[in-house]
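Visitor: Okay, here's the structure, questions in a sec.
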Amino acid sequence: MPANISLSYAEIERVSNLLDTSVDQTLVPRMDEAKTEVDNLLDTSLVLTQSSPALQAQYEKFTTSLKDATDSIKGYADQFRQIMNSVKDMDHDIAEKVNSSGQ
54 MPANISLSYA
64 EIERVSNLLD
74 TSVDQTLVPR
84 MDEAKTEVDN
94 LLDTSLVLTQ
104 SSPALQAQYE
114 KFTTSLKDAT
124 DSIKGYADQF
134 RQIMNSVKDM
144 DHDIAEKVNS
154 SGQ
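Per my numbering, the very first residue in the sequence shown carries number 54; after that it's consecutive.
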């Protein structure tokens, strides 16, 4: 009969770390780079009196929304770790109760 619960602590940590690293070292830096490029474009090469500032403001809102979404990615990593830690604690508590009841 297959197990109903199975956890690989190493895999949970690996994936959680991958999510954190993806946000911190890839997604956010690339979004910042894109924002800088858009700002430079609208300041130097696509300059329109009213449209350029409006485009910059909208792109700023867009970038902020994307960064907020990356917080959700890190939130998943935290949830995975919390589940793992809760199961570790539960396993420890059960083992202590079993061991203490045999004395």
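By construction, the Cβ of each residue, glycine as well, lies at the ideal position given by its N, Cα and C atoms. Since the model is a prediction, treat every value here as computed from it, not as a measurement.
(1) How close, in whole Å, do the beta carbons of ALA130 and SER61 come, if the pair is a contact with beta carbons under 8 angstroms?
(2) Taking buried to mean at least 16 other C-beta atoms within 10 Å of its own C-beta, is VAL151 buried or exposed?
(3) Less than 8 angstroms separating the beta-carbons of TYR112 and LYS127?
(4) Quick one: grab the DSSP three-state call for THR89.
(5) What are the uninterrupted segments assigned as alpha helix (DSSP H) that are 4 or more residues long and contained completely in the segment 75-147, given in chain order?
(6) What's the gap between the Cα of ASP124 and the Cα of ASP96?
(7) Determine the burial state of VAL100: buried for a count of at least 16 other Cβ atoms within 10 Å of its Cβ, exposed for fewer.
(8) Between the C-alpha atoms of SER59 and ILE136, what's the straight-line distance to the nearest angstrom?
(9) Could you check which residue in LEU119, ASN138 and ARG67 has the C-alpha nearest to that of ASP85?
(10) Determine whether the beta carbon atoms of GLN109 and ASP92 lie at a separation below 8 angstroms.
(11) Among the candidates ARG83, THR102 and ILE65, whose CA atom is the shortest distance from the CA of ARG134?
Guide: In short:
(1) ALA130 to SER61, Cβ: 15 angstroms. No contact.
(2) By the neighbour-count rule (16 or more Cβ atoms within 10 Å), VAL151 is not buried but exposed.
(3) No, Cβ-Cβ distance for TYR112 and LYS127 is not below 8 angstroms.
(4) THR89: helix per DSSP, three-state reduction.
(5) Segments of the alpha helix (DSSP H) lying fully in the segment 75-147: 81-93.
(6) Rounded to whole angstroms, ASP124 to ASP96 spans 29 angstroms at the Cα level.
(7) Around the beta carbon of VAL100, fewer than 16 other beta carbons lie within 10 angstroms, which makes this residue exposed.
(8) When rounded, the distance between both Cα atoms is 12 angstroms.
(9) The shortest CA-to-CA distance from ASP85 to any of LEU119, ASN138 and ARG67 is the one to LEU119.
(10) Contact flag set, yes.
(11) The shortest C-alpha separation from ARG134 is found at ILE65.
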